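Read top to bottom, the protein sequences are chains A and B.
Under this note's numbering, the first sequence has 68 at position 61, and the numbering climbs by one with no breaks.
Under this note's numbering, the second sequence has 147 at position 1, and the numbering climbs by one with no breaks.
Glycine included, C-beta positions come from ideal geometry on N, C-alpha and C.
Here the structure is a predicted model, which is why all the values come from computation and not from measurement.
Single-structure report; data block below.
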Amino acid sequence: MARKEDHIISLGVISKILIPFIQLYSYYVLAHGDLGPGGGFQGGVILGSSIILYVLAFGEEEGRKLVSQKFNDIFSSVGVLVYAGVGILCLIAGGAYLEYSKFPLDHHLAHHLGMYGVEIGVQITVSAVMTTLFFETARKDDETFESKKKKKMEPSNLKSS
Amino acid sequence: MIEIIDVFLLFFIVVCSVAAIFLKDLLSAIIILAAFSFLMAVEWTVLNAVDVAFTEAAVGAGITSVLLIATLSRTKRYEEQVNVPKEFAPVVHKGISTKIMPIVVVVITGAVLLYGTIDMPAFEDPNAPINKHVAPTYIHDADHEAGSINIVTAILANYRGYDTLGETTVIFAAGICVVVLLRREKWPEKKIT
Numbered sequence: 008m009a010r011k012e013d014h015i016i017s018l019g020v021i022s023k024i025l026i027p028f029i030q031l032y033s034y035y036v037l038a039h040g041d042l043g044p045g046g047g048f049q050g051g052v053i054l055g056s057s058i059i060l061y062v063l064a065f066g067e068e069e070g071r072k073l074v075s076q077k078f079n080d081i082f083s084s085v086g087v088l089v090y091a092g093v094g095i096l097c098l099i100a101g102g103a104y105l106e107y108s109k110f111p112l113d114h115h116l117a118h119h120l121g122m123y124g125v126e127i128g129v130q131i132t133v134s135a136v137m138t139t140l141f142f143e144t145a146r147k148d149d150e151t152f153e154s155k156k157k158k159k160m161e162p163s164n165l166k167s168s
Numbered sequence: 147m148i149e150i151i152d153v154f155l156l157f158f159i160v161v162c163s164v165a166a167i168f169l170k171d172l173l174s175a176i177i178i179l180a181a182f183s184f185l186m187a188v189e190w191t192v193l194n195a196v197d198v199a200f201t202e203a204a205v206g207a208g209i210t211s212v213l214l215i216a217t218l219s220r221t222k223r224y225e226e227q228v229n230v231p232k233e234f235a236p237v238v239h240k241g242i243s244t245k246i247m248p249i250v251v252v253v254i255t256g257a258v259l260l261y262g263t264i265d266m267p268a269f270e271d272p273n274a275p276i277n278k279h280v281a282p283t284y285i286h287d288a289d290h291e292a293g294s295i296n297i298v299t300a301i302l303a304n305y306r307g308y309d310t311l312g313e314t315t316v317i318f319a320a321g322i323c324v325v326v327l328l329r330r331e332k333w334p335e336k337k338i339t
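Listed below in structure tokens is the structure:
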């Protein structure tokens, strides 16, 4: 991951130009899921990858300022709850779980809105989980393979464990 | 003309997969896997499966390679022979059976699979069982029943809503697993009395 000392200006400028377009495209993919290819999953992956691009360009600290750990954790569960919540709304409206046609709306519109709600839930979860995966798997700047090995071998560490 | 493109695509897919297996430089192997995923995405587009192609391009070529490189940053770039003490070294059998047996198994499995394809209906056959069962219903009813022109989205979000809910929960569970396994929390220091 990019550290502060090896920050490259062109990388930062280009990614700052590109990121808004990538995020806009992810919402386009989400909104046009019922017309063309795409949907919540693909839109979520694209949204997550835009945040990953930001972290790659500016380093983990800056990325954590943009999306904090708490924010990520909350939103990865919010998506599933939105999905399940649409199902519960269907139950309240008097239908079966995820039976959109029971909404008190026009049949076509009810299905449309139900599917949008579901897709938005998928997108939130997928984007939050993808960024979480990247944040957690990438090496932290203070630990390298060698330094970790050394730490384990130090006698003071062995004693305390 | 389209056959030539197909042959080229399949050829490069095979080349990429073989190269990814034999490379000792893991970073190059990851890049080649990304190229493999991209070629697969093109192949899906040729087969008219645009939704799968989109997912393959976004997940296979995009996110997966980034995550693999992130994983690589925790280990080392090159495959190398690690010096292990003799008692822990893996046992290598140097017999003719270890050289011949894998080939025999692979050849037999391949032959069985090829034999299985004889019974399959021809490609793009409208009378194949898969085109006779539920597909006509979906094609006919998806637009006015589910309110979506894209049949794939209609199936995912409407007809098979439960499955997609389970799928989303699986992704959520995967994120939780990674957090549980890899996150290092700084616990407040407590004195044990």
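Chain A within 8 Å of residue i, Cβ atoms only
i        : result
B:Asn304 : yes
B:Ala257 : no
B:Asp197 : yes
B:Tyr308 : yes
B:Leu328 : yes
B:Thr314 : yes
B:Asn194 : no
B:Phe157 : no
Neighbourhood of residue i by C-beta, 8 Å cutoff - its chain only, sequence neighbours within 5 removed
i        : result
A:Phe152 : The predicted position of A:Phe152 is uncertain, since its pLDDT is 48 and thus under 50; a value taken from the coordinates is nonetheless stated next. Closer than 8 Å at Cβ, skipping near neighbours: no residue.
B:Leu327 : none
A:Gln130 : Ser33, Leu37, Gly47, Phe48, Gly50, Gly51, Leu54 and Gly86
A:Tyr61  : Ser22, Ile26, Glu69, Gly70 and Leu73
B:Glu149 : none
Test item: CB-CB of residue i and residue j under 8 Å
i        : j        : result
B:Gly321 : A:Thr139 : yes
A:Gly40  : B:Thr299 : yes
B:Ser211 : B:Ile176 : yes
A:Ile95  : A:Ser57  : no
A:Leu79  : A:Ala135 : Here residue 79 of chain A turns out to be Asn, not Leu, going by the sequence shown. Cβ atoms of A:Asn79 and A:Ala135: closer than 8 Å.
A:Met137 : B:Ile215 : no
Straight-line Cα distance separating residue j from residue i
i        : j        : result
A:Ser22  : B:Ala204 : 18 Å
B:Asp309 : A:Val125 : 12 Å
B:Leu213 : A:Ala117 : 38 Å
A:Phe65  : A:Phe82  : 23 Å
B:Ile301 : B:Thr217 : 35 Å
B:Gly256 : B:Ala319 : 36 Å
B:Leu169 : A:Leu63  : 26 Å
A:Ile127 : A:Ala91  : 12 Å
B:Ile246 : A:Leu18  : 52 Å
B:Asp287 : A:Ser33  : 28 Å
B:Ser294 : B:Val153 : 35 Å
B:Asn343 : B:Val316 : Residue 343 of chain B lies beyond the residue range present for chain B, which begins at 147 and ends at 339; the question has no answer from this structure.
B:Val250 : B:Val164 : 19 Å
B:Ala292 : A:Met122 : 9 Å
B:Tyr284 : A:Thr132 : 28 Å
B:Lys240 : B:Pro231 : 20 Å
B:Arg306 : A:Ile15  : 47 Å
B:Phe158 : A:Leu112 : 51 Å
B:Leu259 : A:Tyr107 : 43 Å
A:Ala9   : B:Leu185 : The predicted position of A:Ala9 is uncertain, since its pLDDT is 49 and thus under 50; a value taken from the coordinates is nonetheless stated next. Between A:Ala9 and B:Leu185, the C-alpha separation is close to 29 Å.
B:Val280 : A:Val93  : 26 Å
B:Pro282 : A:His115 : 21 Å
A:Leu88  : B:Met147 : 49 Å
Contact set for residue i: own chain, Cβ-Cβ below 6 Å, skip 5 residues either direction
i        : result
B:Glu189 : Leu155
B:Lys278 : none
B:Ile297 : Tyr284 and Ala288
B:Pro267 : Ala274
Any chain B beta carbon closer than 8 Å to residue i
i        : result
A:Glu69  : no
A:Gly66  : no
A:Gln49  : yes
A:Ala2   : Nothing can be reported for residue 2 of chain A, as the shown portion of chain A is limited to 8 through 168.
A:Pro44  : yes
A:Tyr35  : no
A:Ser134 : no
A:Ser167 : Confidence at A:Ser167 is low in this model, with a pLDDT of 46, below 50, so its placement is unreliable and the value that follows should be read with caution. Judged by the 8 Å Cβ criterion, A:Ser167 is not in contact with chain B.
A:Leu96  : no
A:Phe82  : no
A:Tyr107 : yes
A:Phe28  : no
A:Gly55  : yes
A:Ala103 : no
A:Leu73  : no
A:Gly19  : no
A:Leu112 : no
A:Ala100 : no
A:Leu31  : no
A:Ala145 : yes
A:Ala9   : Because the pLDDT at A:Ala9 is just 49, under 50, the model does not fix this residue reliably, and the value given afterwards should be weighed accordingly. No, A:Ala9 does not count as interfacial toward chain B.
Nonlocal neighbours in the same chain, by C-beta distance under 7 Å from residue i, ignoring five residues either side
i        : result
B:Arg223 : Asp171, Leu172 and Leu173
A:Val36  : Gly45, Gln49, Gly50 and Ile53
A:Leu98  : Tyr104
B:Ala303 : Thr310
B:Phe200 : none
Residue i Cβ short of 7 Å to the ligand ATP heavy atom set
i       : result
A:Lys77 : As far as ligands go, the structure on display features none, and thus does not contain the ligand ATP.
#### Entry: alpha helix (DSSP H) runs wholly inside the segment 239 to 286 of chain B, at least 4 long, in chain order
242 to 264
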